[in-house]
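*Asks:* So the sequence shown is numbered by our numbering: it starts at 1313 and just counts up by one.
All C-beta atoms, glycine included, are put in the ideal place defined by N, C-alpha and C.
Input: one structure, supplied below.
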Amino acid sequence: MAAVHSTARGPALGGCRMWTYDDARAAVRDVLRLSRAMTFKAAVAGLPLGGGKGVIMLRPEESTLSPERREAVLLDFGDTVDALGGAYLTAEDVGTSEPDMETIARRTAHVTGLSSGSGDPSPWTALGCEAAIRVTAERAFGTEDLSGRSIAVIGAGHVGGPLAELLAKGGAELVIADIDPRKRELAERLGARWTDPASALTADVDIVAPCALGGVLNHDTVPELRCRAIAGAANNQLAAEELADELAARGILWAPDFVCNAGGIINIAVELEPEGYSPERAEPAVRAVGDTLRQIFDAAESEGVTPLHAALALGERRVAGEELASGADA
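Quick look at the structure:
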């Protein structure tokens, strides 16, 4: 299934997620929620794109597909994308890969992130998230220097793994958690403490970086947090938007997820420019995630609102055409 939330600023771009759901209603809720987040992600980043998302629903009994079955469902999804006539551009996401996009591209031209273009967006998402973490540290602790700063990275996959490496290179003291025990090797290589995701979320650290699935910040977990700030790459971290107020009341600075994780879509947007893809143009654009987040923190402080409120307000203005990002909407 594919959901198009908005095309007010351009075609709706969003990854194709292949995931296990208990029933179709859960998959529909997920694709609708994620497509909305993509609208705000693109708008806040100042991109000429709208928001969409794709979901290939797997049932618990078929969580592992045979190669033949996987090819068939990807081709069916390609037909779905093509039927939308360019209103939705797909890309890889949780559960899909660059080779999967090549398969989908056999049925539709509306695929991004191919090896012939910008490729895997995950490292770029990690790069933008690192920039966001530095700005979050600057706001919470007075400096963006990560030397000695304790950070819990929850989820060490395609984004969380590269992010952990960037943070370790910056001198951070890491806690790494993942449901896959094989990721422990990364923790050992980086000299990080290994634990489980639930323990990492409530660890006594400076910053928590959720980088797996969403909903980890809920009415049960937020009261148990011991960090000073949260900035990570996972989508839809808040189980409910009112939790942004609860975090603020507890003195925990939360960097909106759709700002922190915009590096991947920013990188893909470079692929769509008339000049074609260039990593040299992509890198400064991705690093500008930090500048965008600083703008949002400033607005939240001056208006006396949460960063979530400030980010949503900025996105709404841009979707309505009331505000353009400097240099991004030319």
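Assuming Cys-1539 is part of the alpha helix (DSSP H), what are its boundary residues?
*Replies:* On the sequence shown, residue 1539 is found 227 positions in, with the first residue counted as 1. Element bounds for Cys-1539: n/a, residue is neither H nor E.
*Asks:* Between the region 1458–1474 and the region 1556–1567, can you find at least three pairs of beta-carbon atoms closer than 8 Å?
*Replies:* These segments do not touch.
*Asks:* CA-CA distance, Leu-1513 and Pro-1586?
*Replies:* Position 201 of the sequence shown, counting from 1, holds the residue named residue 1513. Position 274 of the sequence shown, counting from 1, holds the residue named residue 1586. Roughly 43 Å between the two C-alpha positions.
*Asks:* Tell me, which residues are paired with Ala-1324 by DSSP?
*Replies:* Numbered from 1 along the sequence shown, position 12 holds the residue referred to as residue 1324. According to DSSP, Ala-1324 bridges with Gly-1362, Tyr-1400.
*Asks:* Please work out which residues of its chain come closer than 8 Å, Cβ to Cβ, to Arg-1540, disregarding the five sequence neighbours upstream and downstream, and give them in chain order.
*Replies:* If you number the sequence shown from 1, residue 1540 lands on position 228. If we look at Arg-1540 and ignore the five residues flanking it on each side, its Cβ neighbours are Ala-1452, Phe-1453, Asp-1518, Ile-1519, Gly-1563, Ile-1564, Leu-1565.
*Asks:* Does the count of Cβ pairs from the region 1619–1636 and the region 1547–1560 closer than 8 Å reach three?
*Replies:* Yes, the region 1619–1636 is in contact with the region 1547–1560.
*Asks:* Within a Cβ cutoff of 6 Å, which residues of the same chain sit near Ala-1395, ignoring the five residues on either side of it in sequence?
*Replies:* Taking the first residue of the sequence shown as 1, we reach residue 1395 at position 83. Closer than 6 Å at Cβ, skipping near neighbours: no residue.
*Asks:* Would you mind working out which of Asp-1335, Ile-1368, Asp-1508 sits nearest Arg-1382, comparing C-alpha positions?
*Replies:* By one-based count along the sequence shown, residue 1382 stands at place 70. Minimum Cα distance to Arg-1382 is reached at Ile-1368.
*Asks:* Rounded to the nearest angstrom, what separates Ser-1347 and Gly-1363 at their Cα positions?
*Replies:* Taking the sequence shown and counting its residues from 1, one reaches residue 1347 at position 35. Taking the sequence shown and counting its residues from 1, one reaches residue 1363 at position 51. Taking the straight line joining both Cα atoms gives about 5 Å.
*Asks:* Between the region 1374–1388 and the region 1599–1607, can you find at least three pairs of beta-carbon atoms closer than 8 Å?
*Replies:* The answer is no - the region 1374–1388 does not touch the region 1599–1607, with fewer than three Cβ pairs under 8 Å.
*Asks:* Anyone know if the C-beta pair for Gly-1473 and Ala-1403 falls short of 9 Å?
*Replies:* Taking the first residue of the sequence shown as 1, we reach residue 1473 at position 161. Taking the first residue of the sequence shown as 1, we reach residue 1403 at position 91. Contact flag unset, no.
*Asks:* Please list the segments of the beta strand (DSSP E) lying wholly inside the region 1394–1477, counting only runs of 3 or more residues, in order along the chain.
*Replies:* The region 1394–1477 contains these whole beta strand (DSSP E) runs: 1400–1404, 1462–1466.
*Asks:* Within 10 angstroms of its Cβ, does Leu-1626 collect 16 or more other Cβ (buried), or is it exposed?
*Replies:* Reading the sequence shown from its first residue, position 314 is the one you call residue 1626. Its Cβ being crowded by 16 or more others within 10 Å, Leu-1626 is buried.
*Asks:* So, with DSSP's three-state summary, where would you put Ala-1545?
*Replies:* To locate residue 1545, count along the sequence shown from 1; it is residue 233. The answer is coil: DSSP assigns Ala-1545 none of H, G, I, E or B.
*Asks:* Touch check for the region 1444–1451 and the region 1577–1594: three-plus C-beta pairs under 8 Å?
*Replies:* Cβ pair count under 8 Å is below three, so no.
*Asks:* Along the chain, where does the alpha helix (DSSP H) containing Ala-1349 start, and where does it finish?
*Replies:* Residue 1349 sits at position 37 when you count from the first residue of the sequence shown. It spans 1336–1356 - the alpha helix (DSSP H) in which Ala-1349 sits, taken as one unbroken run.
*Asks:* Relative to the C-alpha of Asp-1432, which residue among Thr-1332, Asn-1579, Val-1631 is closest?
*Replies:* What you label residue 1432 is simply residue 120 of the sequence shown in a count that begins at 1. Answer by Cα proximity: Asn-1579.
*Asks:* Contact defined as beta carbons within less than 8 Å: I believe Leu-1478 pairs with Leu-1502. What is the distance between those atoms, to the nearest angstrom?
*Replies:* Stepping through the sequence shown from its first residue, residue 1478 is reached at position 166. Stepping through the sequence shown from its first residue, residue 1502 is reached at position 190. In fact, because the Cβ distance is near 11 Å, the residues do not count as touching under 8 Å.
*Asks:* So what's Ala-1484 in DSSP terms, helix, strand or just coil?
*Replies:* Residue numbering aside, residue 1484 sits at position 172 when the sequence shown is read from its first letter. Three-state result, Ala-1484: coil.
*Asks:* Please report how far the alpha carbon of Gly-1575 lies from the alpha carbon of Thr-1408, in whole angstroms.
*Replies:* Indexing the sequence shown from 1 puts residue 1575 at position 263. Indexing the sequence shown from 1 puts residue 1408 at position 96. So the alpha carbons of these two residues sit roughly 18 Å apart.
*Asks:* Which first and last residues belong to the alpha helix (DSSP H) in which Val-1520 is found?
*Replies:* Here residue 1520 refers to the residue found at position 208 when the sequence shown is read from its first residue. Unbroken run through Val-1520 is the beta strand (DSSP E), 1519–1522; no alpha helix (DSSP H).
*Asks:* From the DSSP output, in three-state form, read off Ala-1581 for me.
*Replies:* On the sequence shown, residue 1581 is found 269 positions in, with the first residue counted as 1. Reduced to three states, the DSSP call for Ala-1581 is helix.
*Asks:* Identify which residue in Thr-1332, Met-1350, Met-1313 has its Cα closest to the Cα of Asn-1547.
*Replies:* On the sequence shown, position 235 is the one that residue 1547 refers to. That would be Met-1350, whose Cα lies nearest to the Cα of Asn-1547.
*Asks:* Can the beta-carbon of Val-1356 be found closer than 9 Å to that of Arg-1630?
*Replies:* For this step, residue 1356 is matched to residue 44 along the sequence shown. For this step, residue 1630 is matched to residue 318 along the sequence shown. Yes; because the gap between Cβ atoms is below 9 Å, this pair is in contact.
*Asks:* Grab me the residues of Asn-1530's own chain with a C-beta within less than 6 Å of its C-beta, minus the 5 sequence neighbours each way, in chain order.
*Replies:* Counted from its first residue, the sequence shown places residue 1530 at position 218. The residues are Ala-1551.
*Asks:* Enumerate in chain order the residues of its own chain whose CB-to-CB distance from Thr-1319 is below 7 Å, with the five nearest sequence positions on each side excluded.
*Replies:* Numbered from 1 along the sequence shown, position 7 holds the residue referred to as residue 1319. Gly-1362, Ala-1399, listed in sequence order.
*Asks:* For Val-1471 and Ser-1614, what's the separation of their Cα atoms in angstroms?
*Replies:* In the sequence shown, the residue the question calls residue 1471 occupies position 159. In the sequence shown, the residue the question calls residue 1614 occupies position 302. Those two C-alpha atoms are separated by around 32 Å.
*Asks:* On the DSSP letters alone, give me the boundaries of the beta strand (DSSP E) that Ser-1657 sits inside.
*Replies:* There is no way to answer for residue 1657, as the model of the chain reaches only from 1313 to 1642.
*Asks:* Let me make sure I understand the geometry here. Which of Ala-1515, Met-1313, Pro-1509 has the alpha-carbon closest to that of Gly-1527?
*Replies:* Taking the sequence shown and counting its residues from 1, the one referred to as residue 1527 is at position 215. Here the closest residue by C-alpha is Pro-1509.
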